[in-house]
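Each step along the sequence shown adds one to the number in the numbering used here, with nothing skipped, and position 66 is 567.
Below is one structure, written out as structure tokens; comments come after it.
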Amino acid sequence: HIHRNRGCAATSGNILETRDKKERRHTFVREQKQSFDNARGARHEERGVYSYDYFAAGTCSSQPAPPPKILTEEEIAAQKQLEQQRQAEGTSTWNSAGTFEERSWFEWAKERLCGMLAGKNCGQSVTITAVTDVSGHANAWIVRGKKRHGFDLEFTVAWSWAGTATVKGTCRVPSIASDELDELRVESPEVTTKLPSHAAHESAACKAAAASLPPALQTSLADLLVELRQK
Numbered sequence: 502h503i504h505r506n507r508g509c510a511a512t513s514g515n516i517l518e519t520r521d522k523k524e525r526r527h528t529f530v531r532e533q534k535q536s537f538d539n540a541r542g543a544r545h546e547e548r549g550v551y552s553y554d555y556f557a558a559g560t561c562s563s564q565p566a567p568p569p570k571i572l573t574e575e576e577i578a579a580q581k582q583l584e585q586q587r588q589a590e591g592t593s594t595w596n597s598a599g600t601f602e603e604r605s606w607f608e609w610a611k612e613r614l615c616g617m618l619a620g621k622n623c624g625q626s627v628t629i630t631a632v633t634d635v636s637g638h639a640n641a642w643i644v645r646g647k648k649r650h651g652f653d654l655e656f657t658v659a660w661s662w663a664g665t666a667t668v669k670g671t672c673r674v675p676s677i678a679s680d681e682l683d684e685l686r687v688e689s690p691e692v693t694t695k696l697p698s699h700a701a702h703e704s705a706a707c708k709a710a711a712a713s714l715p716p717a718l719q720t721s722l723a724d725l726l727v728e729l730r731q732k
């Protein structure tokens, strides 16, 4: 009985010791949490309501959005007038300062170029029949309220020569910029369908195409630039 009582007393002591440890641990955790909350509150006051801690802590209450403002007739008219002015200047409504804006007109330039050149008589019995493989860019820029336009294109023209015989061929126009039209050059014209019996005619046709195509292309590209500047 004595040993059994001693065992019970030891067990009770262990239980009390365990409870005491748990209580001390809980007290320590509460103190640490309170210290952390106090420090975070101090940071909020020091950094202000726009600090990351403030928003991350979830203390920023969301305010309801202000009610929509109903515009008066005068304000609506002024807004429409401003939009019309921006459209006339070529700037977007968002770009009220007209600092910098770029617009691509490549698809328009491609379609317009094909329309301008197809069927064009270049002289020396050479006619452009089609334009293919158009690449490059055509843009309108607005820089500090001023418009600027330009393009850099390359393409292939199909041509036909109606001299001593009918000869058809192609010619590649390498990259040509709108401010370098006087430097336009074409690659050596090639005949699409060669016949041994037409060798002399084909040679004459290629010489005629090489001589007549550049000035004709310069004229059309200059017209294209004029139209682009209206954009």
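Glycine residues also receive a C-beta, built at the ideal position from the N, C-alpha and C atoms.
Predicted model, so just to flag it, every value in this text is computed and none were measured.
Q.
Run through the DSSP bridge pairs and tell me what lysine 732 is partnered with.
A. Answer is none; lysine 732 lacks a bridge partner.
**Q.** Cβ-Cβ separation, valine 692 to glycine 670 (assumed contact under 8 angstroms), whole Å
**A.** 4 angstroms
Q. Where does proline 690 land, buried or exposed, given buried means 16+ other C-beta within 10 angstroms?
A. buried
Q) Taking just the CA atoms, how far does proline 675 sit from glutamate 688? A) 7 angstroms
Q. With distances taken between CB atoms, is the gap from valine 658 to leucine 618 smaller than 8 angstroms?
A. yes
Q: In angstroms with no decimal places, state the Cα-to-Cα distance between tryptophan 595 and lysine 708.
A: Residue placement at tryptophan 595 is poorly supported in this model, since its pLDDT is 47, which falls under 50; the coordinates are not used for a value here.
Q) Which residue from Trp660, Ile571 and Leu729 puts its Cα closest to that of serine 713? A) Trp660
Q) Is glutamate 691 helix, strand or coil by DSSP? A) strand
**Q.** 8 angstroms Cβ cutoff met for phenylalanine 607 and alanine 639
**A.** yes
Q. For leucine 682, which residues of its own chain have a beta-carbon under 7 angstroms away from its beta-carbon, when the five flanking residues on both sides are left out?
A. Gln719, Leu722 and Ala723
Q: Alpha carbon to alpha carbon, how far is lysine 648 from threonine 630? Give it in angstroms, no decimals.
A: 34 angstroms
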